[in-house]
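Undergrad: Numbering (this note's numbering), first residue to last: 221 to 893.
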Amino acid sequence: MKKKLTRKTKNLASCLNFCYPTFNVPYLFCIFAVNMTLMKKLDRYVLGKFCLIFVAAFFICLFVLMMQFTWQHVDKLVGKGLTVDILSQFFYYMALTLVPQALPLAVLLASLICFGNLGESFELIAMKSSGVSLWRVMMPMLGLSVLLSGVSFFFQNKTSPDSVLQLRTLLISMKQTSPAMEIPEGIFYNGVPNINIYVKKKVPKTGMLYDLIIYKTDQGFDKAQIVLADSGRIEMSADKMHLRLDIWEGEQYQSLQSGDAMSMKGANMPYDRETFGHKSLLIDFDANFNVMDADLMKNMPSTKNMVEIVESVDSMNHEIDSAANRSYKESLKTVYNEPEMTKEEAKKVQRQANELKLTFDKLTAQMSADNSVNVYQRAKTIVQQRITDLKFKEEVQDNTIKFIRRHWIEWHQKITMSLACILFFLIGAPLGAIIRKGGLGMPSVVAVIIFIIYYVINTSMMKQARQGSLNMVVGMWTSTAILLPLSIFLTYQANRDSVVFNIDAYRALFRRFIGLRDKRNLTLKEVIIEDPDYDNAVQRLEKLRDDCRSYNQEHRLKNMPSYVKVFFRTKPDRAVEGIKADMDNIVQDLANSKDGRIIHALNDLPLIYASAHVSPFYNQKWNKAAGIFLPVGIVLWVRVWIFRMRLHKDMKQIDAAAAKIIARIAESRKRSN
């Protein structure tokens, strides 16, 4: 094998040096290249399992996203009589558009399931025991995730813009398409423009309609027509541009008076009445599906690639600068739109004004009352026009700036969505090794929770960036900045087999935080080597009872604890530590008893925490930090108070259980005597 590998390496080196003689390819690089081509069996095995799961997860995620998108636009699809080719185009472009969103979620779900299966079947443990680290197991799938990230970027930058353009064009065309003709029985149907039709009964086989009432408002509500017919039939023209309504044995009514006279109550209004045996009505009704011009949608940011986005932003910035320069030049003109004077003319006018010592008061004093009013009115009109013009320009500029922000959001999103494939793998792989559950159960729940958190953060920050209240880079990269350290931390800790990923440890920590605790579960031993010393046990139990009673009397555990003592002047409670140690020693000795009632009484002795009623943490620095941060400090202070009240009950319970054990020992002695 080594000879073959060496021969292949030399051949590759010679070929590369022949093709690229100026680069002088090193021999070691060729060895590395050949070794990379020979993928290890472990890599092929793990990568094969991941690929199968990924393909299934991808199509599941894509299907879910497509159903969610379809449900959002179901009103544009239902009842329009769309053909199969139109619907197939709609779903095809929808699938291409949603591929970048489905890829990160599929990578997350596939990595969770794959490593969950490996952990559940103890394959990860076997790999680690063979000296293969978790990071080494993740390497081939990490390379695939990088490749998928590139695929996602390609779709968003090359394929997705055209797909979004076609999809939006189809959606708007569907929205503008007239609904299909399907007249129900017993209700008025308003699917035809300017006409309401009521049908009491219809026969689908013959297409006949019976007992018709038709309201026509095509000539306006003032000239509305009411048609009553015994029967009728409706047909579509060959070009699907008109409806032909044939009706038999009916009457038509039309008002001959319009305007305010129709609204007068009690007034007699003339109308026209027509009786017919057969009548045909031709109604304009376009039932064709007309696709709108796609060029109208090309200005949307989502229909452009990154180069086109940058070019559009540059052109809009240039437009804003040009508008600002035009506005500045217009502001230099006189308010009365007089021809602009040269510098010499302006100096001459200023010199004349200085010689005459003209002031505003002198000029107004020389005017008549009518001229003064006209001047003020003209000035007011000019100022109002300038204000209106400035407001309009400000609104146009604000809309342009918002449109620029939308372009930059689309530009950044093409990168962040691609990087999400890598980050979700680095999160899903270690979490799958932690959960050790395969299938679609627990991994799906965890994947959905993580994706929802990412989606909420990304959407909220994107909204802030779109509104301009947050920097564009900060708003678009916050979700990635949160996922990146989390993925690095999880991968690092999982590779070290840290206790951070011990679910039992988290469960125990949570139970301890909320105050849940286990109960003693002592049973009779089948083999007892040494019987307990009951006399000594009674003395120790009496001392334990005295200590518990005296502790409850000296310490007012039901009262609120001091906030300062809990967080800033913490001292260990040696008395409780001593009571706990004495109780544990007594339980350990009496656990060898052959008396079932004593064993049952020992189970009544509670498991107490010696420090939970004093401070929330063992570390004094953590206590001070929690005390300074009041929202957290108040919660932990209430927790300490709850533990104090529970310790008060525990002391009474220890006293009662110890008394029960002493009584049982005394009873056993009497029987033995």
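From the three backbone atoms N, C-alpha and C, an ideal C-beta is built for every residue, glycine too.
#1: Which residue or residues does DSSP assign as beta-bridge partners of A585?
#2: In chain order, what residues of the same chain lie with their CB nearer than 6 angstroms to the CB of N823, ignoring the 5 residues before and after it?
#3: Thinking just about the alpha-carbon of each residue, which of I819, R891 and I642 is nearest to the one in L328?
#4: Have a look at the DSSP bridge pairing and note the partners of T495.
#5: If distances are taken between C-alpha atoms only, which option among T379, Y430, G363 and M394 comes closest to P404?
#6: Which term fits R422, buried or exposed, when burial requires 16 or more other beta carbons within 10 angstroms of its beta carbon?
#7: Can you tell me which of Y674, A599, H538 and F709 puts its alpha carbon nearest to the alpha carbon of T698?
#8: Taking the C-alpha atoms as reference points, what is the distance between V527 and L282?
#9: Any chance you could list the alpha helix (DSSP H) runs of at least 4 consecutive residues sitting entirely within the region 336 to 393, in chain order?
#10: Which parts of the region 744 to 778 are runs of the alpha helix (DSSP H), unbroken and 4 residues or longer, counting only runs that do not cross its ends?
#11: Output needed for V796: all residues of its chain with C-beta closer than 6 angstroms, excluding positions within five of it in sequence on either side, in chain order.
#12: Am I right that N772 and H868 are in contact with their C-beta atoms under 8 angstroms? What's the rounded C-beta distance?
#13: Given a threshold of 16 other Cβ atoms within 10 Å of its Cβ, counted over all protein chains shown, does M361 qualify as buried or as exposed?
#14: Just how far apart, CA to CA, sit N244 and A315?
#15: Going by DSSP, what residue range makes up the alpha helix (DSSP H) through Q684?
#16: Please report the distance separating the alpha-carbon of C235 from that of D534.
#17: What's the gap between the Cα of H632 and the Cα of S308?
#18: So, with DSSP's three-state summary, where would you put M461?
#19: Distance check for T620 and A573, CA to CA, integer angstroms please.
#20: Between the beta-carbon of K425 and the beta-carbon of G406, is there less than 8 angstroms?
#21: Pick helix, strand or coil for D870, following the three-state DSSP scheme.
#22: When DSSP labels each residue in this structure, what does D738 get in the three-state scheme?
#23: Does DSSP classify S835 as helix, strand or coil?
#24: Roughly how many angstroms separate the alpha carbons of D438 and N416, rounded to a whole number?
#25: Between which two residues does the alpha helix (DSSP H) holding D450 run?
#26: Under three-state DSSP, which class holds L690?
#27: Where does G894 fall in DSSP's three states?
#28: Can the beta-carbon of R625 be found closer than 8 angstroms to that of R686?
#29: Look at V666 and L646 and say whether their C-beta atoms are less than 8 angstroms apart.
#30: Please list, in chain order, all residues of the same chain as P241 whose beta carbon is under 7 angstroms from its beta carbon, the five residues on each side excluded.
#31: Starting from N466, follow its DSSP beta bridges and name the residues at the other end.
#32: Within its chain, find whatever has a CB closer than 7 angstroms to the CB of T379; leave out the 5 residues flanking it on each side and keep chain order.
#33: Quick check: what's the CA-CA separation for K634 versus V786?
#34: Mind checking who F408 pairs with in its DSSP beta bridge?
#35: Given 8 angstroms as the limit, is there contact between the region 687 to 707 and the region 351 to 371, that is, 3 or more CB pairs closer than that?
#36: Assuming T579 and S592 form a contact by the criterion Cβ under 8 angstroms, report the distance between their Cβ atoms to the nearest whole angstrom.
TA: This is what the structure holds:
#1: Here residue 585 refers to the residue found at position 365 of the sequence shown. For A585, which the question treats as bridged, DSSP gives no partner whatsoever.
#2: For the purposes of this step, residue 823 is identified with residue 603 of the sequence shown, where counting begins at 1. Correct list, in chain order: R740 and L742.
#3: Taking the sequence shown and counting its residues from 1, one reaches residue 328 at position 108. Of the listed residues, the one whose Cα sits closest to L328 is I642.
#4: Start at 1 with the first residue of the sequence shown, and residue 495 comes out as number 275. Beta-bridge pairing links T495 to E471.
#5: As a working mapping, residue 404 is identified with position 184 in the sequence shown. Out of T379, Y430, G363 and M394, Y430 has the C-alpha closest to the C-alpha of P404.
#6: Taking the first residue of the sequence shown as 1, we reach residue 422 at position 202. Note on identity: in this sequence residue 422 is Lys, with Arg being the wrong assignment. K422 should be labelled buried.
#7: Position 478 of the sequence shown, counted from the first residue, corresponds to residue 698. The shortest Cα separation from T698 among Y674, A599, H538 and F709 belongs to Y674.
#8: Counting from 1 along the sequence shown, the entry for residue 527 is found at position 307. Counting from 1 along the sequence shown, the entry for residue 282 is found at position 62. Taking the straight line joining both Cα atoms gives about 28 angstroms.
#9: 343 to 349 and 354 to 374
#10: 754 to 774
#11: Taking the first residue of the sequence shown as 1, we reach residue 796 at position 576. Taken in chain order, the residues that qualify are A830.
#12: Looking up residue 772 in the sequence shown gives position 552. Looking up residue 868 in the sequence shown gives position 648. Indeed, because the Cβ distance is near 6 angstroms, the residues count as touching under 8 angstroms.
#13: Taking the sequence shown and counting its residues from 1, one reaches residue 361 at position 141. Buried: at least 16 other Cβ atoms inside 10 Å.
#14: As a first step, residue 244 must be located in the sequence shown, where it is residue number 24. As a first step, residue 315 must be located in the sequence shown, where it is residue number 95. Residue placement at N244 cannot be trusted, given a pLDDT of 42 that sits under 50; what the coordinates show is reported in the next sentence. So the alpha carbons of these two residues sit roughly 47 angstroms apart.
#15: Within the sequence shown, numbered from 1, the residue matching residue 684 stands at position 464. Counting along the chain, the alpha helix (DSSP H) containing Q684 begins and ends at M662 to Q687.
#16: Taking the first residue of the sequence shown as 1, we reach residue 235 at position 15. Taking the first residue of the sequence shown as 1, we reach residue 534 at position 314. Confidence at C235 is low in this model, with a pLDDT of 43, below 50, so the placement of that residue is unreliable and no value is reported for it.
#17: Numbered from 1 along the sequence shown, position 412 holds the residue referred to as residue 632. Numbered from 1 along the sequence shown, position 88 holds the residue referred to as residue 308. If you take the alpha carbons of H632 and S308, they lie about 31 angstroms apart.
#18: Start at 1 with the first residue of the sequence shown, and residue 461 comes out as number 241. Coil, per DSSP.
#19: The residue given as residue 573 occupies position 353 in the sequence shown. The residue given as residue 620 occupies position 400 in the sequence shown. Cα to Cα, the separation comes out at about 45 angstroms.
#20: Locating residue 425 in the sequence shown gives position 205, where the first residue counts as 1. Locating residue 406 in the sequence shown gives position 186, where the first residue counts as 1. Result no, Cβ atoms of K425 and G406 do not sit closer than 8 angstroms.
#21: The residue labelled residue 870 in the question sits at position 650 within the sequence shown. D870: helix per DSSP, three-state reduction.
#22: The sequence position of residue 738 within the sequence shown is 518, counting from 1. DSSP places D738 in coil when its eight states are reduced to three.
#23: On the sequence shown, position 615 is the one that residue 835 refers to. Three-state result, S835: coil.
#24: Position 218 of the sequence shown, counting from 1, holds the residue named residue 438. Position 196 of the sequence shown, counting from 1, holds the residue named residue 416. Approximately 11 angstroms between the Cα atoms of the pair.
#25: Here residue 450 corresponds to residue number 230 of the sequence shown, with the count starting at 1. That residue, D450, is in no alpha helix (DSSP H); its beta strand (DSSP E) goes Q445 to M456.
#26: The residue labelled residue 690 in the question sits at position 470 within the sequence shown. L690: coil per DSSP, three-state reduction.
#27: No statement about residue 894 is possible, as the shown extent of the chain runs from 221 to 893 and does not include it.
#28: Numbered from its first residue, the sequence shown carries residue 625 at position 405. Numbered from its first residue, the sequence shown carries residue 686 at position 466. Going by C-beta atoms, R625 is nearer than 8 angstroms to R686.
#29: For the purposes of this step, residue 666 is identified with residue 446 of the sequence shown, where counting begins at 1. For the purposes of this step, residue 646 is identified with residue 426 of the sequence shown, where counting begins at 1. Taking 8 angstroms as the Cβ cut-off, V666 and L646 do not qualify as a contacting pair.
#30: By 1-based counting over the sequence shown, the position of residue 241 is 21. Low confidence applies to P241: its pLDDT is 39, below 50, so where it sits in the model is not reliable, and the reading given next is rough at best. No residues qualify anywhere along the chain.
#31: To locate residue 466, count along the sequence shown from 1; it is residue 246. Residue 466 is actually Asp in this sequence, not Asn. D466 pairs with R453 and S500.
#32: One-based indexing of the sequence shown puts residue 379 at position 159. Within the same chain, T379 has close Cβ partners L316.
#33: As a first step, residue 634 is located in the sequence shown; it is residue number 414 there, counting from the start. As a first step, residue 786 is located in the sequence shown; it is residue number 566 there, counting from the start. Between K634 and V786, the C-alpha separation is close to 51 angstroms.
#34: The count along the sequence shown starts at 1 and reaches residue 408 at position 188. DSSP, once it has assigned bridges, lists Y418 as partnering F408.
#35: no
#36: Start at 1 with the first residue of the sequence shown, and residue 579 comes out as number 359. Start at 1 with the first residue of the sequence shown, and residue 592 comes out as number 372. Not confirmed; about 15 angstroms, so no contact.
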